[in-house]
Amino acid sequence: MTQSINESIHAVGVVGSGTMGRGIAHTLLRHGYSVLLSDASPHSLAAAAESISNALAGDVEKGRLTEAGKRQALAKLKTSAELALMVSANFIIEAVTEDFSVKAEVLRQLETLCAPEVIFTSNTSSISITRLAAVTSRSGQFCGLHFFNPVPVMKLVEVVAGIETLPETIEKASALAVSLGKTPIRVNDFPGFVSNRVLMPMINEAIYAVMEGVADPQAVDGVMKLGMNHPMGPLELADMIGLDVCLDIMKVLYEGFRDSKYRPCPLLEKMVHARRLGRKTGQGFYDYRSKADTAY
Ligand code: CAA
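Read left to right, the sequence shown gives residues 771 to 1066 (the working numbering).
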């Protein structure tokens, strides 16, 4: 197991145990960190603990971790449906649902639990870091720490500076990312940051191409995979990210820039209304109902 090189961080609090929270917790554990994982849903927490344990077992199978390393990592995971668990954390990664009011409420509670010097980060994919930071009294100690799915595999962490974020906060967050074997890239806080400002309009345009009958999903994805060497086509990727998340991000871009080039495709909205959200509901641009989903 790679040892944590960031000795100043003794316990990382991960709030939210959905796909991203689980992936982040697993990655932290694999690299020797103690992790406090909290989620308001005991059901999601139990499922997260199980999938993290399975993922660590997968690391053992692939020779990335010894059996003893796996046991040590699991012993470093504490879970609770009570946010009070975070009182012992000295670095926070918020990864709750992509909804400003939900995140703001969690941040307000964390503010009462954590010492003022504890750095707060958010894994938000597009909500303004400046706006989230303003909910707290530590906007200098607040930045975006945007991981990519599947977290253990993807090399990038987008480190997002809000208007008040101090350079030392960016440095500490970037050092954490490096200690996880990731490459941090610092960007400024504007709608969609860099990743989703570039990625989501491509996905949205791919959905327009399907809606307008230019080609079916397989053909659109085939063009992008074979012609542009993308590992996944935009529609497969949208299914993996979740169509609801894609729609939320398009809305953030549209409302943030007030520019019609970011208007969400009506077919994307229709699919979200029908709860065809991609892999997580079994149906999106593709049908996953007969396949076991290996994602977290
Ligand atoms: N969880 C954990 N590990 C996974 C995984 C998952 N869901 N899916 C694949 N992997 C691992 C595999 O176990 C394998 O690991 P090893 O090399 O150790 O064996 C490795 O990834 C490669 O997997 P495969 O050989 O099965 O498949 P692949 O070569 O087709 O790669 C992929 C799969 C890495 C997902 C690749 O298709 C890819 O890079 N796709 C693009 C993913 C992407 O763009 N992600 C960003 C989404 S945007 C986002 O997350 C942020 C946002 O704000 C919306």
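Backbone N, C-alpha and C define an ideal beta-carbon position, used for all residues, glycine too. Please read these numbers as outputs of a predicted model, since none were measured by experiment.
Rounded straight-line distance, which links the Cα of residue j to that of residue i
{"i": "Leu-815", "j": "Asn-919", "result": "19 Å"}
{"i": "Met-790", "j": "Lys-925", "result": "14 Å"}
{"i": "Ala-818", "j": "Leu-877", "result": "21 Å"}
{"i": "Met-981", "j": "Leu-1037", "result": "6 Å"}
{"i": "Phe-912", "j": "Val-968", "result": "24 Å"}
{"i": "Val-948", "j": "Val-984", "result": "42 Å"}
{"i": "Thr-935", "j": "Val-805", "result": "24 Å"}
{"i": "Gly-1054", "j": "Ala-1044", "result": "10 Å"}
{"i": "Ser-896", "j": "Leu-902", "result": "11 Å"}
{"i": "Gln-773", "j": "His-780", "result": "Summary for Gln-773: the model assigns pLDDT 46, below 50, so the residue's position carries little reliability, and this model does not support an answer."}
{"i": "Lys-1040", "j": "Glu-777", "result": "48 Å"}
{"i": "Gly-910", "j": "Ala-943", "result": "13 Å"}
{"i": "Thr-882", "j": "Val-888", "result": "12 Å"}
{"i": "Ser-1024", "j": "Ala-874", "result": "Reading off the sequence shown, one finds Tyr at residue 1024, where the question assumed Ser. When rounded, the distance between both Cα atoms is 21 Å."}
{"i": "Val-784", "j": "Ile-899", "result": "17 Å"}
{"i": "Leu-1007", "j": "Val-857", "result": "37 Å"}
{"i": "Met-1010", "j": "Leu-1047", "result": "9 Å"}
{"i": "Thr-1051", "j": "Leu-1017", "result": "16 Å"}
{"i": "Arg-1049", "j": "Gly-1012", "result": "7 Å"}
{"i": "Ile-973", "j": "Val-1022", "result": "15 Å"}
Proximity test, residue i beta-carbon vs the ligand CAA heavy atom, cut-off 6 Å
{"i": "Phe-918", "result": "yes"}
{"i": "Val-782", "result": "no"}
{"i": "Lys-995", "result": "no"}
{"i": "Lys-832", "result": "yes"}
{"i": "Val-1002", "result": "Note that residue 1002 corresponds to Met in the displayed sequence, not to Val. Result yes, Cβ under 6 Å from the ligand CAA."}
{"i": "Asn-966", "result": "yes"}
{"i": "Pro-961", "result": "no"}
{"i": "Ser-895", "result": "yes"}
{"i": "Pro-1034", "result": "no"}
Terminal residues of the beta strand (DSSP E) in which residue i lies
{"i": "Gly-783", "result": "782 to 785"}
{"i": "Arg-956", "result": "953 to 958"}
{"i": "Thr-849", "result": "847 to 850"}
{"i": "Val-930", "result": "926 to 931"}
{"i": "Leu-806", "result": "805 to 808"}
{"i": "Leu-853", "result": "No beta strand (DSSP E) contains Leu-853, which DSSP labels as neither H nor E."}
{"i": "Gly-914", "result": "912 to 916"}
For residue i, the first and last residue of its enclosing alpha helix (DSSP H)
{"i": "Lys-873", "result": "870 to 883"}
{"i": "Ser-823", "result": "812 to 831"}
{"i": "Glu-1039", "result": "1036 to 1043"}
{"i": "Phe-1027", "result": "1013 to 1027"}
{"i": "Ala-859", "result": "Neither: Ala-859 is in no alpha helix (DSSP H) and is coded neither H nor E."}
{"i": "Pro-987", "result": "987 to 998"}
{"i": "Thr-1051", "result": "Per DSSP, Thr-1051 belongs to no alpha helix (DSSP H) and is neither H nor E."}
{"i": "Gly-791", "result": "789 to 800"}
Per-residue DSSP class, three states only, for residue i
{"i": "Ser-965", "result": "helix"}
{"i": "Lys-942", "result": "helix"}
{"i": "Gly-839", "result": "helix"}
{"i": "Glu-864", "result": "strand"}
{"i": "Ile-889", "result": "strand"}
{"i": "Ala-903", "result": "helix"}
{"i": "Gly-1003", "result": "coil"}
{"i": "Leu-950", "result": "coil"}
{"i": "Pro-971", "result": "helix"}
{"i": "Pro-922", "result": "coil"}
{"i": "Lys-1061", "result": "coil"}
{"i": "Val-984", "result": "coil"}
{"i": "Leu-844", "result": "helix"}
With 16 other Cβ atoms within 10 Å as the buried cut-off, status of residue i
{"i": "Ser-1030", "result": "exposed"}
{"i": "Arg-800", "result": "buried"}
{"i": "Gly-997", "result": "exposed"}
{"i": "Gly-962", "result": "buried"}
{"i": "His-813", "result": "exposed"}
{"i": "Asp-959", "result": "buried"}
{"i": "Lys-840", "result": "buried"}
{"i": "Val-930", "result": "buried"}
{"i": "Val-923", "result": "exposed"}
{"i": "Thr-953", "result": "exposed"}
{"i": "Asp-991", "result": "buried"}
{"i": "Gly-786", "result": "buried"}
Residue-chain proximity (residue i, chain B), Cβ-Cβ < 7 Å
{"i": "Leu-798", "result": "Of the protein chains in this structure there is only one, and it is not chain B."}
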